[in-house]
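Peer 1: Here it is: the structure, laid out below.
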Amino acid sequence: MVLNPYLNFDGNAAEAFLFYQSVFGGELFISKMSDGPGMENLSEAEKNRTMHAALPIGNGQYLMGSDCVPSMGHVLIRGNNHYISLTPDSREEADRIFNGLSAGGNIEMPMDDMFWGDYFGSLEDRFGVRWMINYTNPNK
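Each residue of the sequence shown is one higher than the last, beginning at 14 in this note's numbering.
Laid out in structure tokens, this is it:
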């Protein structure tokens with residue numbers, strides 16, 4: 014099984030995915046609403062919204078997302094009902110990802126050694142997406 018988190022945005026999906034690309038690297042795929050069939054009646058602003066974005070984040074997994082389309086009745090509600098949990102391969106990679114994602118966001122728990130034995134931190138990035146970074150040392 015492969016887990017591909019899918020995120021929704023309200024007009025800034027492309028900006029968010031360029032930011033995520035700056036943290037994770039990889040080749041970013043973005044298509045606009047105007048690329049899809051039956052989208053000719055959308056406003057110019059909605060035609061420029063992201064229909065689909067995909068960024069490889071390792072081991073055949075992708076971070077995916079799109080923008081809502083208000084004229085189609087889509088409404089984005091930012092909330093705390095989601096986190097994306099990442100398990101990097103090293104403490105250094107955990108710190109790099111945490112520092113990258115937390116830029117301009119809010120740190121909930123700084124990276125630290127936790128009572129359960131892992132190196133963990135959580136944050137909300139500048140786009141309102143919540144992340145948990147959890148490194149498990151395989152040598153413990």
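All residues carry an ideal CB built from backbone N, CA and C; glycine is no exception.
Taking the straight line between their C-alpha atoms, what separation do you get for Met-33 and Arg-139?
Peer 2: According to the sequence displayed, residue 33 carries Tyr and not Met. Using only the alpha carbons, I get a separation of about 11 Å.
Peer 1: Quick test of the definition: if touching needs 3 or more C-beta pairs under 8 Å, does the stretch 83-96 touch the stretch 139-149?
Peer 2: The stretch 83-96, when compared against the stretch 139-149, does touch it at the 8 Å Cβ threshold.
Peer 1: Only counting runs of 4 or more residues, tell me where the alpha helix (DSSP H) segments fall wholly within the stretch 48-113, in order along the chain.
Peer 2: You should have 57-60.
Peer 1: Just checking my contact of Met-77 with Tyr-19 at CB under 8 Å: how many whole Å lie between their CB atoms?
Peer 2: Confirmed, about 5 Å.
Peer 1: From Val-36, Leu-55, Ile-43 and His-65, pick the residue whose C-alpha is nearest to that of Ala-107; which is it?
Peer 2: If we check each option's Cα against that of Ala-107, Val-36 comes out closest.
Peer 1: So, is Ala-29 buried or exposed, given that buried needs 16 or more other C-beta atoms within 10 angstroms?
Peer 2: By the 10 Å Cβ count, Ala-29 comes out buried.
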